[in-house]
């Protein structure tokens, strides 16, 4: 099952608030990795 990690609107906001696209990409990547880790931990707790 795929989950939406970040919405398009969230990504747009990150790009708007970043100095340049490289900084934005780093921020998006970090946020996605953090949210994925949280989802994996939730699944482990639920036993899935």
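In our numbering, the protein residues as written are 754 to 801.
Think of the CB as a built atom: it goes at the ideal place given N, C-alpha and C, for glycine as much as any other residue.
Linking residue 774 to residue 800 through their CA atoms gives a straight-line distance of about 38 angstroms.
Look at residue 757 here: in three-state DSSP terms it is coil, with no helix or strand label.
When DSSP states are grouped into helix, strand and coil, residue 773 belongs to the coil group.
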